[in-house]
Amino acid sequence: MTPIVIYVKQVLEIISKGGVKELAHITGGGFTDNIPRVFPSGLGAKLFTGLWEVPPVFKWLQRVGKIKDAEMMRKFNMGVGMLLVVQGGS
Numbered sequence: 001m002t003p004i005v006i007y008v009k010q011v012l013e014i015i016s017k018g019g020v021k022e023l024a025h026i027t028g029g030g031f032t033d034n035i036p037r038v039f040p041s042g043l044g045a046k047l048f049t050g051l052w053e054v055p056p057v058f059k060w061l062q063r064v065g066k067i068k069d070a071e072m073m074r075k076f077n078m079g080v081g082m083l084l085v086v087q088g089g090s
């Protein structure tokens with residue numbers, strides 16, 4: 001098994017540069033449950049899912065379990081442990 005990635009140093013470095021407005025730890029609720037928690041009512045996010053490499057375990061699970069994309073995003077972090085919401089232009 002691969003140990004969990006600890007990325008606190010990288011996140012703190014980014015925060016120190018300014019522009020970070022919110023953080024979302026992508027846990028058991030996947031993107032669907034965790035991302036809306038950091039936005040005020042009426043605001044949301046648009047995700048561009050092709051911008052990161054989905055780990056093979058998620059691809060395997062989706063294929064073997066015949067799980068739709070939306071359900072994968074609702075249940076799993078798809079390899080993204082934390083999302084930083086930044087000010088436009090940051």
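Counting from 1, one number per residue, gives the positions in the sequence shown under the UniProt record's numbering.
Note that CB positions come from ideal geometry on N, CA and C, so glycine has one too.
Residues near residue i by beta carbon distance below 8 Å, same chain, minus five either side
i   : result
V11 : L23, M82, L84
Cβ-based burial, residue i [other Cβ within 10 Å; buried from 16]
i   : result
F31 : buried
F76 : buried
I26 : buried
Cutoff 7 Å; reference residue i; Cβ partners in own chain excluding five residues on either side
i   : result
Q87 : G19, K21
I4  : none
Cβ-based neighbour list, residue i, same chain, cut-off 6 Å, excluding 5 preceding and 5 following
i   : result
M78 : V54, F58
N-terminal and C-terminal residue of the alpha helix (DSSP H) that residue i is part of
i   : result
E22 : First-last for E22: 20–25, but that is the beta strand (DSSP E), not the alpha helix (DSSP H).
M73 : 69–75
L61 : 56–65
K17 : Neither: K17 is in no alpha helix (DSSP H) and is coded neither H nor E.
Rounded Cβ spacing between residue i and residue j (contact assumed at less than 8 Å)
i           : j   : result
G44         : P56 : 29 Å between Cβ atoms; not a contact.
residue 146 : W52 : Not covered by the structure: residue 146. The range shown for the chain is 1 to 90.
Boundaries of the beta strand (DSSP E) in which residue i is found, first to last residue
i   : result
L84 : 82–86
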